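Numbering (the UniProt record's numbering), first residue to last: 1 to 78.
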């Protein structure tokens with residue numbers, strides 16, 4: 001048996017077409033930076049804890065749907 005290797009063809013390097021991201025036509029103005037302000041912290045921590053517990057139950061249920069037995073033992077939001 002004889003194995004003949006053929007040289008690999010060099011493929012052209014793909015190039016991305018230039019796109020002028022910051023060139024804006026017309027009267028467009030960028031939105032103000034205060035749109036990025038932090039969300040006010042909720043004073044109702046009990047609702048947040050209950051929401052996290054419900055999400056943990058949903059995760060456990062979804063894992064069970066796929067035949068995976070598991071238990072959420074700790075919840076760390078973030």
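The C-beta atom is built at its ideal place from N, Cα and C for all residues, glycine as well. Predicted model, so just to flag it, every value in this text is computed and none were measured.
Measure from the alpha carbon of residue i to the alpha carbon of each residue in the options, then state which is nearest.
{"i": "residue 85", "options": "46, 30, 56, 75", "result": "The question about residue 85 has no answer here: the residues shown for the chain are numbered 1 through 78."}
{"i": "residue 76", "options": "14, 32, 51, 4", "result": "51"}
{"i": "residue 49", "options": "10, 11, 4, 74", "result": "74"}
At least 3 beta-carbon pairs within less than 8 angstroms: the stretch 59-73 vs the stretch 33-42: no
Alpha helix (DSSP H) runs contained entirely in the UniProt domain "FtsK alpha" (30-78), provided each spans 4 or more residues: 45-65
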